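Those sequence lines, one after another, are chains A and B. Numbering-wise, our numbering puts 140 at position 138 of the first sequence, and it's gapless, one number per residue. Numbering-wise, our numbering puts 260 at position 221 of the second sequence, and it's gapless, one number per residue. We treat Cβ as the ideally placed atom computed from N, Cα and C, and that holds for glycine. A quick note: this is a predicted structure, and the numbers were derived from the prediction, not measured. See below for the structure under consideration.
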Amino acid sequence: MNARSNILRSAQIAKAARGEVSESLWRQAARRFARNKAAMFSCYTLVVIGLASIFVPMFWPHGIEDASWEYIGTAPSLEAWHWFGTDANGRDLLVRVFYGGRVSLSIGLLTTLVALCIGVTYGSVAGFIGGRTDGFMMRFVDVMYSLPLLFFIIILVTVFGRNIFLVFLAIGAVEWLTMARIVRGQTLSIKNQEYVESAEAIGMTRPMILRRYIVPNVLGPVVVYVTLLIPTNILIESYLSFIGLGVQEPLTSWGLLISQGAGQLDSAPWMLFFPATFLAITMFSFNFIGDGLRDALDPRQR
Amino acid sequence: MTTAILEVDGLSVSYSIPGDGLLGGGMRSLQAVNDVSFSLQAGETLGVVGETGCGKSSLGKAILQLVKPSAGRVIWNNRDLCGLTRKSLRPLRKDLQIIFQDPLSSLNPRLCVGEIVAEPLLIHAPELSAREREQRAIAMLERVGLRPEMALRYPNEFSGGQCQRVSIARAMIVEPKVVVCDEPVSALDVSVQAQICNLLRELQRETGIALLFISHDLSVVRYMAQRILVMYLGRIMELAPRDELFTKPLHPYSQALIRSVPVPDPAMPLNDYPDALSGDLPSPLDPPSGCVFRTRCPKSTPICVSQAPPLERRGDRHLVACHHPEE
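Right, dumping it as structure tokens:
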């Protein structure tokens, strides 16, 4: 009885009973996430890289297409603001790396957004309706799965020509399949959980069941998958650009820069080193965040 | 004591099962509960026993309309629950609650147990303030033997027995009249089973709830129930007061079940159950003709093949469905 006077706890339960459940749940997850040093460090790193990609090209003394005859293929030096050196055309590598970051990161985010929207809608509808509709919808996904990504993109490029938006579309259109499977599986398993039945038994309305029971339990794996999908998509873009199907000059991306750097490995190794480093750091960061989120959102795995 | 508060009349539940075929093929129907009728008295415990797959759980869920019955009526307060919509059913759910078998998976992992226990009040007592709801939830947790500070913990931090206490608290907080206990102790250790059984009996004594206690464990049912309903393949085989069933079972199936209860006597040789029931439960997709038990019944005769025995009264409160009940 004396414990009931514990105001802090009372306040939390009161809030929960008013229906502000998501807040306390997500806050708990946030607290767990904040304790994860690798994930938090990755967050800061990504913020720095993101901000640098946005602002450095705006204020740097060199533009991405400014070629300088005096500095062709110079190694990194503090002289004349070529901190990362220059490429074979005398263009400043630093501004190109950050500009490439803009392109790579936005492709990563946008394609993931496309995959997320299609995948979650498709998967939850299939899982929720179930039965034969589910069967048809998921067989379609299976068919799409069997189509190799590269093959699919080459067809798209040859039919519609090279276009950066086509790359968005192609990656998004392929990557939603896994998302749809994840969401469907989750919806199916949660729909049949006894706790959903217990919610029915106390007479809970369907929207309430969806809000308090289904969504919070589906969202965990989805959020985790999203953070793992972003680096995957950046990587796909990089390798499409590397083989010449993605971003075109004079626009640039990390993949394209790495491709050019790989060609000059003997004479100008910095051309490979800097874009590859940024790509690798970004990959690691997203993966650490994904792992951190998984641990934070699913207390049972601890 | 003898007023029936819940009347189940000819209740049947059937599920459609996808046939073979690539995309579902034809659907087949599985009759999980077949024409079950009984009444539940106020304050009594009615035990339901039978093998796995005999339709015990389906029966419990059908009474609460968690599974739509395919036929029959469930009369509660002069109203047939089967015809009601979700919305008109909602206020009645306050009186009829359920406790599930799996202690952990019947609790939402994303809510702390304080929220889980307070949740039914959101629906059935919206006039309460948040503070009152919280106080009631904590009082209920204390009532089922959990400490108040546990309210903030999540289900996965609890043992099976504690989770089951939370489930009981959640069911009891709306002060129901009938609680369906769907194998509430089957997943627990024996010592914890006893605690939970005692807790249910205490709560029953205090509040006068009626329990429909489903279990496959005869000794648990014997401890809990005043009357026992024996089910086989979705049908009632025998319905009798507890002592009568255990001392003088009439149906061959009940007799076999009672004989198969292990006797805790070390002097008794192992494997000494000569009359133990042999064979498996026939597929409910393709039940035997006539009496469903005839394929495993030692007394089966031609009439058992051709005719299903009706549930007949033998003695004061004793019903049995058999052509050759032991007198």
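Any chain B beta carbon closer than 8 Å to residue i
i, result
"residue 184 of chain A", "no"
"residue 262 of chain A", "no"
"residue 2 of chain A", "Chain A is shown from 3 up to 304; residue 2 of chain A falls before or after that span and cannot be answered."
"residue 218 of chain A", "yes"
"residue 215 of chain A", "yes"
"residue 296 of chain A", "no"
"residue 9 of chain A", "For residue 9 of chain A, the pLDDT reaches just 42, beneath the cut-off of 50, and the residue's location in the model is therefore unreliable, leaving the point undetermined."
Given residue i as reference, the closest of the options once Cα atoms are compared
i, options, result
"residue 355 of chain B", "B:226, B:266, B:250", "B:266"
"residue 274 of chain B", "B:98, B:43, B:86, B:80", "B:98"
"residue 66 of chain A", "A:279, A:96, A:52", "A:96"
"residue 252 of chain A", "A:132, A:111, A:105, A:181", "A:105"
"residue 151 of chain A", "A:162, A:134, A:142, A:169", "A:169"
"residue 106 of chain B", "B:359, B:218, B:52", "B:52"
"residue 108 of chain B", "B:43, B:54, B:213, B:298", "B:54"
"residue 58 of chain A", "A:94, A:32, A:30, A:43", "A:94"
"residue 185 of chain A", "A:221, A:199, A:40", "A:221"
"residue 215 of chain B", "A:179, A:203, A:292", "A:203"
"residue 140 of chain A", "A:112, A:260, A:211, A:180", "A:180"
"residue 285 of chain B", "B:163, B:264, B:337, B:272", "B:264"
"residue 373 of chain B", "A:283, A:206, A:284, A:175", "Only positions 40 to 366 of chain B appear in the structure, and residue 373 of chain B is not among them; the question remains open."
"residue 131 of chain A", "A:299, A:191, A:201", "A:191"
"residue 167 of chain B", "B:301, B:212, B:351", "B:212"
"residue 193 of chain A", "A:219, A:115, A:154, A:177", "A:219"
"residue 143 of chain B", "B:122, B:172, B:196", "B:196"
"residue 50 of chain B", "B:339, B:122, B:173", "B:122"
"residue 116 of chain A", "A:261, A:80, A:61, A:174", "A:174"
"residue 133 of chain B", "B:68, B:152, B:113, B:103", "B:103"
Any C-beta of chain A under 8 Å from that of residue i
i, result
"residue 56 of chain B", "no"
"residue 283 of chain B", "no"
"residue 103 of chain B", "yes"
"residue 53 of chain B", "no"
Residue i: contacting residues in chain A (beta-carbon distance under 9 Å)
i, result
"residue 266 of chain B", "Those do not exist, as residue 266 of chain B stays about 24 Å from chain A at its closest Cβ, beyond 9 Å."
"residue 180 of chain B", "Those do not exist, as residue 180 of chain B stays about 11 Å from chain A at its closest Cβ, beyond 9 Å."
Chain-ordered chain A contacts of residue i [CB-CB under 8 Å]
i, result
"residue 139 of chain B", "196, 199, 200"
Per-residue contacts from residue i into chain B (C-beta, under 9 Å)
i, result
"residue 223 of chain A", "Chain B residues near residue 223 of chain A: none, gap ~13 Å exceeds 9 Å."
Residue i beta carbon near the ligand PLP (any heavy atom closer than 7 Å)
i, result
"residue 149 of chain A", "Here there are no bound small molecules, and the ligand PLP is not part of this structure."
Does the stretch 251-270 of chain B come within contact of the stretch 322-333 of chain B, defined as at least 3 CB pairs closer than 8 Å?
no
Does the structure place the stretch 85-96 of chain A close enough to the stretch 272-289 of chain A that three or more beta carbon pairs sit under 8 Å?
Under the 8 Å Cβ criterion, the stretch 272-289 of chain A counts as touching the stretch 85-96 of chain A, having at least three qualifying pairs.
What residues in the stretch 144-168 of chain B bring their beta carbon closer than 8 Å to a beta carbon of chain A?
144, 145, 146, 147, 148, 149, 150, 151, 153, 154, 157, 158, 159, 160, 161, 162, 163
Contacting positions in the stretch 105-136 of chain B - beta carbon closer than 9 Å to chain A
The stretch 105-136 of chain B vs chain A, Cβ under 9 Å: 105, 125, 126, 128, 129, 130, 131, 132, 133, 135, 136.
Between the stretch 115-122 of chain B and the stretch 215-229 of chain A, do three or more beta carbon pairs fall short of 8 Å?
no
Between the stretch 226-255 of chain B and chain A, which residues of the former have a C-beta closer than 8 Å to a C-beta of the latter?
none
contact_flag[the stretch 233-243 of chain A, the stretch 126-138 of chain A] where n(CB pairs < 8 Å) is 3 or more
no
Whether or not the stretch 236-251 of chain B and the stretch 77-95 of chain B are in contact is what I'm after, with contact meaning three or more pairs of Cβ atoms, one per stretch, closer than 8 Å; do they touch?
yes
At least three beta-carbon pairs within less than 8 Å, the stretch 86-97 of chain B to the stretch 126-136 of chain B
no
Does the structure place the stretch 158-166 of chain A close enough to the stretch 131-148 of chain A that three or more beta carbon pairs sit under 8 Å?
no
Three CB pairs or more closer than 8 Å across the stretch 193-209 of chain B and the stretch 224-239 of chain B
yes
Hey, is the stretch 40-49 of chain B in contact with the stretch 285-302 of chain B, meaning 3+ C-beta pairs nearer than 8 Å?
no
Check whether the stretch 47-55 of chain A and the stretch 279-294 of chain A are in contact - that is, three or more C-beta pairs closer than 8 Å.
yes
Counting beta carbon pairs with one atom in the stretch 226-234 of chain A and one in the stretch 145-163 of chain B, are three or more of them shorter than 8 Å?
no
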